[in-house]
Structure formats: C-alpha cells, structure tokens
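Just so you know, we're using our numbering here: the sequence shown kicks off at 146 and counts up by one. Don't be surprised by glycine CBs; every beta carbon is placed ideally from N, CA and C. Some notes on the structure that comes next.
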Amino acid sequence: MSHLKITDNHDWIELTRVNGYEKDLDFDNLKKIANIRIDSLSIDDNQNLLVFPNDINKYGDKISESCILSLYDNKIKTGNIMGFVGVNETQLTISSRFDENGNDYFMHYMLQRVFSINLFDMKHSTSADPIFDFLIYLFPYYLKKALAQGIFKKYKRFEHNDANVRGTINVNEHIRKNIPFRGTVAYTTREHSYDNEITQLIRHTIEYIHQKEAGKTILYNDAETKNCVSQIIMATQSYSSQKRNQVINQNLRPVRHPYYSEYTTLQKICLQILRHETIKFGSEKDQVYGVLFDGAWLWEEYLYTILKNYEFKHPQNKINEGGIRMFLKPDNVDDYNDGEEDFNKCYRKLYPDFYNETNKIILDAKYKRLERNVGREDLYQVVTYMHCMEYKLGGYIYPANNDCQMRKYELAGLGGTIKVIPLHIPQAKNNWGDFVGDMKSYEDDFIKQLQ
Numbered sequence: 146m147s148h149l150k151i152t153d154n155h156d157w158i159e160l161t162r163v164n165g166y167e168k169d170l171d172f173d174n175l176k177k178i179a180n181i182r183i184d185s186l187s188i189d190d191n192q193n194l195l196v197f198p199n200d201i202n203k204y205g206d207k208i209s210e211s212c213i214l215s216l217y218d219n220k221i222k223t224g225n226i227m228g229f230v231g232v233n234e235t236q237l238t239i240s241s242r243f244d245e246n247g248n249d250y251f252m253h254y255m256l257q258r259v260f261s262i263n264l265f266d267m268k269h270s271t272s273a274d275p276i277f278d279f280l281i282y283l284f285p286y287y288l289k290k291a292l293a294q295g296i297f298k299k300y301k302r303f304e305h306n307d308a309n310v311r312g313t314i315n316v317n318e319h320i321r322k323n324i325p326f327r328g329t330v331a332y333t334t335r336e337h338s339y340d341n342e343i344t345q346l347i348r349h350t351i352e353y354i355h356q357k358e359a360g361k362t363i364l365y366n367d368a369e370t371k372n373c374v375s376q377i378i379m380a381t382q383s384y385s386s387q388k389r390n391q392v393i394n395q396n397l398r399p400v401r402h403p404y405y406s407e408y409t410t411l412q413k414i415c416l417q418i419l420r421h422e423t424i425k426f427g428s429e430k431d432q433v434y435g436v437l438f439d440g441a442w443l444w445e446e447y448l449y450t451i452l453k454n455y456e457f458k459h460p461q462n463k464i465n466e467g468g469i470r471m472f473l474k475p476d477n478v479d480d481y482n483d484g485e486e487d488f489n490k491c492y493r494k495l496y497p498d499f500y501n502e503t504n505k506i507i508l509d510a511k512y513k514r515l516e517r518n519v520g521r522e523d524l525y526q527v528v529t530y531m532h533c534m535e536y537k538l539g540g541y542i543y544p545a546n547n548d549c550q551m552r553k554y555e556l557a558g559l560g561g562t563i564k565v566i567p568l569h570i571p572q573a574k575n576n577w578g579d580f581v582g583d584m585k586s587y588e589d590d591f592i593k594q595l596q
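Structure below.
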C-alpha cells in the first residue's frame with residue numbers, strides 16, 4: 146500500500162517527484178482514475194466514491210466535466226478537485242495548495258464553515274484518518290437536510306395474534322398457534338413505520354460516531370443537530386448494536402424516493418462511515434473509493450458564509466434561482482425563424498456569483514490563481530454583468546498568500562471599476578486556534594476592500 150500526496154492546481158510534475166511515489170504499480174492504478182470525467186466515475190459502479198457537491202450537475206461550474214487528475218507520460222497535473230481517493234493498492238491525497246505543514250487547515254476551515262461545524266481544537270477533534278474526519282463533518286449537515294423532509298417512513302409487515310383482527314389472516318400461523326382455538330387469530334398488517342432499515346442505518350451511524358472523540362462534539366454541535374439525533378433515536382425503538390451488519394446489507398441498494406430525495410446522499414454517507422474499516426483502499430479490485438470536493442464550489446460556498454452577512458445575494462444557475470435578466474423582454478416563440486430559438490429567449494438569464502443591490506457591487510469567486518492576471522472570458526463575463534445591472538463596481542475574489550495586494554482597474558467607455566481582491570490565507574501555522582484567528586482577521590480586511 147502506498148500513499149501519494151500532492152496539492153490542488155499543481156502544474157505538470159514528474160511522478161517520481163510526488164511525495165510517496167515509489168513504484169510503477171502506482172502509475173497503473175492512477176491511470177484508472179486519470180483523465181476521466183467526474184460524472185463517469187461517480188456512478189453506481191463506484192458506490193464507495195463520494196463527490197461534493199453531491200449533485201454535480203446542479204451547479205454551473207462544469208464540475209461534472211472535471212477530472213480528478215491528468216496523467217501523461219509519467220507526469221501528473223491536478224485541478225480544483227481535492228480530497229482523498231484510492232484504487233487498489235494506491236492512495237492519493239490532494240490537499241489545498243495552501244497546505245504547507247501537512248495539516249491542511251484551510252480545507253478543514255472551509256469545510257467546517259460550509260457545513261456549519263465548529264471544532265475548537267483540531268488536534269483533539271480529528272482522528273489520524275482524514276477521510277473519516279470529513280465523513281463525520283458531512284453527516285450532521287445531510288442529516289438535517291434529510292429530516293427537513295420528515296422522518297423516513299415506509300410500509301412494513303407486522304405479525305399479530307389477538308382477537309382484534311384488522312388485516313390478512315395468516316392461516317399457517319393461526320393453525321400453529323391457535324389450535325385448539327384460544328380466542329385469538331393470527332393475521333398480518335401492512336402499516337407505515339418510522340422504524341425501518343433507513344432510520345436504523347442512521348441510528349447505527351449516530352451510535353458509531355458517538356463513540357469517537359470528535360463525533361461527540363459534532364453530534365451535539367448545535368440545537369438543530371441534537372434535535373435531529375433525538376428524533377432518530379425515538380423512531381428506532383428496535384435498535385440493536387448486534388444487527389449492524391444486517392442493517393448495512395439491507396441498505397446496499399440506494400434509496401430512491403421522490404419525496405425523501407435527501408436521504409439518498411445521507412444513506413451513502415452512513416454506509417461510508419459504518420463500512421470505513423472494511424472498505425479500505427484496495428479491498429475491491431479496481432473500485433474507486435474516497436471523498437472528493439470541488440475546490441471552486443467549496444470556495445464559493447465558503448465566501449457566501451461571509452458575504453451573506455453583508456446583504457449579498459448568491460444566485461444558483463441550475464435551479465433557476467436569483468438570476469437577472471439580460472434583455473427587457475423575451476422573444477415571442479412564434480417569431481422564431483425555421484424553428485430556431487433566438488438568443489434572448491426567456492430574457493437570457495445571467496447568474497453572477499454574488500451581487501449587492503444596495504451598494505451595486507458584483508463579485509465573481511475564483512479558486513484559481515489570479516496573482517498575475519484575469520483571463521479574457523472571466524473579464525468579459527464580469528463586465529457584461531456590470532453593464533446589464535448598471536453597476537459601477539465589479540470584482541474577483543481569490544485565495545492568496547500574504548504578499549498579494551488588491552489591484553484596481555478603471556473601465557473605459559461607460560466607466561466603472563474592477564477590483565481583483567485576494568483573501569489572504571495564513572501560512573505555516575502549527576496551531577488551529579492561531580489559524581482560525583488569522584482567518585477571521587483576513588476576512589475583515591477582505592470586507593473592507595469591497596468599499
């Protein structure tokens with residue numbers, strides 16, 4: 146078993162220079178996940194692979210078209226994807242490019258902000274296994290999303306033997322139990338029940354996490370999480386720790402229910418946590434296992450945890466929420482020539498990452514490096530947003546080292562200002578508390594630069 150370590154957005158590098166690379170077998174294993182689109186990997190053939198955002202086609206960043214890594218002629222290159230992935234005897238850790246001492250505080254910090262987890266001391270709140278850490282970070286977040294749809298219920302068969310017959314008589318059981326006749330009848334009913342294999346799986350996960358030091362902190366992190374945990378415990382009165390393997394086997398088929406759609410991801414996370422010790426890398430031939438995050442999505446969602454406190458809106462492309470109109474009115478469908486749709490159908494909606502209607506600011510989140518310049522397409526995009534919204538201030542936000550400074554440019558023509566704003570990431574911090582303290586200070590500095 147070998148463990149390779151590399152950072153995100155790493156330019157082409159010889160595999161022999163990657164930390165942990167030892168043998169040609171790693172190259173053969175990496176080929177199984179290299180140069181392959183995420184949406185080709187995150188299918189039922191690789192049920193032990195979790196990719197976040199879990200709905201990879203819900204966001205407009207083309208994450209589904211991204212690759213975990215690129216591999217060519219014994220050289221490796223990474224993009225915005227980070228996390229942990231393995232196949233056969235090879236494990237690969239892709240940390241953030243701001244990880245200088247092996248702790249990767251920056252990725253942990255973004256995850257905790259996005260998934261509303263508050264760990265005061267990383268040293269005592271995480272295990273030696275970072276994959277397990279990230280799984281339990283995600284558990285409360287998706288538990289709350291699932292229970293917002295109600296406690297999962299399904300029909301179950303119940304066996305009865307009494308005088309109040311209200312179901313189908315079970316002839317065989319009746320003969321076996323009630324002959325000679327004792328005044329009772331054996332029968333079965335089919336009723337909705339909250340105590341089923343799905344809620345049992347969640348209960349087993351709760352009990353498993355509760356045994357971990359970090360787990361206790363996470364399960365009781367806030368009142369909503371505590372309430373969700375209590376609801377599951379109340380619903381699973383038949384819980385028995387001895388039935389864990391049985392419950393896991395009952396959940397190997399993904400839950401598909403239009404009303405309880407959020408339970409699909411929760412079920413997968415629960416299985417990952419409970420089976421973590423038994424589905425280590427390499428245990429299943431050519432099966433991909435791991436937890437991956439799209440850095441661009443994570444960066445954007447992290448920024449929103451800051452900007453939402455300053456009246457910024459965060460449109461979402463794929464679910465058609467919060468967009469702005471590019472045109473005053475849509476074309477009439479009957480006016481299309483030769484059945485072709487005109488370019489301004491439905492007003493041609495625009496979806497900037499963030500905008501503030503009061504101060505007329507539009508912002509674009511960029512996880513990639515902007516220390517030197519902004520790409521042509523990115524520049525045209527923000528200028529278009531500014532023109533259509535009649536805003537005079539636009540900008541880009543990117544993570545950067547401490548030596549980067551804000552840059553400001555004045556637009557010709559109708560005027561306006563574009564800012565390229567770095568949010569500084571603390572470097573070489575060996576203490577989680579110091580890292581968090583510096584991040585809070587840098588976040589305050591970043592907000593001041595918007596004015």
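How would you label residue i, buried or exposed, when you count the other beta carbons within 10 angstroms and need 16 or more for buried?
i      : result
Thr235 : buried
Asn394 : exposed
Leu568 : buried
Ser211 : buried
Arg327 : exposed
Asp169 : exposed
Ile506 : buried
Ile158 : exposed
Arg348 : buried
Lys553 : exposed
Asp590 : exposed
Glu445 : buried
His402 : exposed
Asn180 : exposed
Gln387 : exposed
Asn174 : buried
Tyr405 : buried
Gly484 : Any reading at Gly484 must be qualified, since the residue scores a pLDDT of 48, below 50, and its modelled position is unreliable; no value is offered.
Ile414 : buried
Considering residue i, what are the terminal residues of the beta strand (DSSP E) in which it resides?
i      : result
Leu194 : 194 to 197
Lys299 : 299 to 307
Val436 : 433 to 439
Arg552 : 552 to 555
Lys222 : 220 to 223
List the endpoints of the continuous alpha helix (DSSP H) containing residue i.
i      : result
Asp579 : 577 to 593
Gln391 : 389 to 395
His355 : 342 to 355
Asp171 : 169 to 175
Ala359 : 358 to 364
Lys150 : Here Lys150 belongs to no alpha helix (DSSP H); instead the beta strand (DSSP E) covers 147 to 152.
Tyr408 : 408 to 419
Val374 : 368 to 380
Met531 : 521 to 534
His569 : Segment 562 to 569 is the beta strand (DSSP E) holding His569; no alpha helix (DSSP H) there.
Ser185 : 183 to 186
Val230 : Here Val230 belongs to no alpha helix (DSSP H); instead the beta strand (DSSP E) covers 226 to 232.
Ile542 : Careful: Ile542 lies outside any alpha helix (DSSP H), inside the beta strand (DSSP E) at 538 to 545.
I'd like the list of long-range same chain contacts for residue i, defined as Cβ closer than 8 angstroms, with 5 residues on each side in sequence excluded.
i      : result
Ile281 : Ile354, Lys357, Ala359, Gly360, Ile363, Ile418
Ser586 : none
Thr313 : Tyr332, Thr333, Thr334
Ile351 : Leu364, Val374, Ile377, Ile378
His298 : The sequence as given places Lys at residue 298; His does not occur at that position. Within the same chain, Lys298 has close Cβ partners His337, Ser338, Tyr339, Asn341.
Val163 : Leu149, Lys150, Ile151, Ile221
Among the residues of its own chain, which have a CB less than 7 angstroms from the CB of residue i, if the five just before and after it don't count?
i      : result
Asp249 : Ser240, Ser241
Ile296 : Tyr339, Thr344, Gln376, Ala380
Lys322 : Asn306, Ala331
Phe260 : Tyr282, Leu283, Tyr286
His319 : Val330, Ala331
Glu516 : Ala545, Cys549
Lys371 : Tyr365
Leu416 : Ile393, Asn396
Val519 : Tyr541, Val565
Round the Cβ separation of residue i and residue j to the nearest angstrom and send it over; I've been treating them as touching at under 8 angstroms.
i      : j      : result
Asp116 : Val527 : With the chain running from 146 to 596 in the structure shown, residue 116 is simply not present.
Ile451 : Asn366 : Between Asn366 and Ile451 the Cβ distance is about 20 angstroms, and since that is not below 8 angstroms, they are no contact.
Lys177 : Val232 : 5 angstroms
Gly539 : Val230 : The Cβ separation is near 36 angstroms, so there is no contact.
Asp153 : Thr223 : 5 angstroms
Asp439 : Pro198 : 7 angstroms
In the DSSP assignment, what residue or residues form a beta bridge with residue i?
i      : result
Met252 : Its beta-bridge partners do not exist; DSSP assigns none.
Ser338 : Lys299
Asn501 : Ile506
Gln257 : None; Gln257 has no bridge partner.
Output needed for residue i: all residues of its chain with C-beta closer than 6 angstroms, excluding positions within five of it in sequence on either side, in chain order.
i      : result
His148 : Gly165, Gln236
Asp583 : Pro571
Ile566 : Gly540, Ile542, Met551, Gln594
Met146 : Glu234
Would you say the beta carbon of residue i is closer than 7 angstroms to some non-hydrogen atom of the ligand COA?
i      : result
Ile469 : No copy of the ligand COA appears in this structure; indeed no ligand is present at all.
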